[in-house]
Amino acid sequence: MKIKYPAVIVATIVHFILGGLWYSPLLFGNKFIQLINWSPQKLQQVENASYAKELVIAFVMSLILVYILAHFVQYTKATSAMGGIQTAFWLWLGFIVTTHVPMVIFEGRNFGLFLINVAYQFVGCALAGVILAVWRTREATEPAPQPA
């Protein structure tokens, strides 16, 4: 099997857009701002700043995450939505949760922020895992040629 690059691109876009929605006032943006404890001046500064470079970096990070997830989806031979979610779950638990918990413990980070951040990563990885697992290439969906 080889990596399905169109699926990687679509899953990356979904992961990235979910991040924008997740941290917007539509979902958890207000709670995030409350938990991060930004002053009104800091919030105004953030709202007025341009974050083009940071958004490009965030997109590239989503691309790397999804590309690596694609390898694991292949490795586990996941071909269903549930298979993609299971693969994403184990990677999320093994690499995201386990690397964020020590930051909460040793750096005194806010547990609510931890929950918002790791929940975003789980949902984003799960959606990407579904896309990667169920994506079918043209060759896989075309009927096999019939012998004459």
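Number 48 in the working numbering belongs to position 67 of the sequence shown; there are no gaps in the numbering.
Think of the CB as a built atom: it goes at the ideal place given N, C-alpha and C, for glycine as much as any other residue.
| Among Thr79, Ser31, Lys12 and Leu46, which one has its Cα closest to the Cα of isoleucine -6? | Leu46
| query | Within this structure, are the beta carbons of threonine 68 and leucine 50 separated by less than 9 Å? | reply | yes
| said: If you reduce the DSSP assignment to three classes, tell me which class tyrosine 139 lands in. | reply: Nothing can be reported for residue 139, as the shown portion of the chain is limited to -18 through 129.
| task | Could you tell me the boundaries of the alpha helix (DSSP H) in which lysine 12 lies? | result | 10 to 17
| field | contact_flag[the stretch 95 to 112, the stretch 57 to 65] where n(CB pairs < 8 Å) is 3 or more | value | yes
| said: threonine 79 and alanine 114 - do their beta-carbons sit closer together than 9 Å? | reply: no
| field | First and last residue of the uninterrupted alpha helix (DSSP H) at proline -13 | value | -14 to 3
| field | Straight-line Cα distance separating valine 27 from proline 21 | value | One C-alpha to the other measures close to 10 Å.
| With respect to the alpha helix (DSSP H) encompassing glycine 64, which residues constitute its N-terminal and C-terminal limits? | 62 to 72
| Status (buried if at least 16 other CB within 10 Å, exposed otherwise) for alanine -12 | buried
| For the alpha helix (DSSP H) that contains phenylalanine 103, what are its first and last residues? | 92 to 115
| Three-state secondary structure (DSSP) of tyrosine 56 | helix
| message | Measuring straight from C-alpha to C-alpha, what distance separates phenylalanine 70 and isoleucine -10? | response | Going from the Cα of phenylalanine 70 to the Cα of isoleucine -10 covers about 20 Å.
| request: Take lysine -15 and list the residues in its own chain whose beta-carbon comes closer than 8 Å to its own, dropping the five residues that flank it on each side. | output: Closer than 8 Å at the Cβ level, and outside the excluded window around lysine -15, lie Ala51, Leu113, Trp116 and Thr118.
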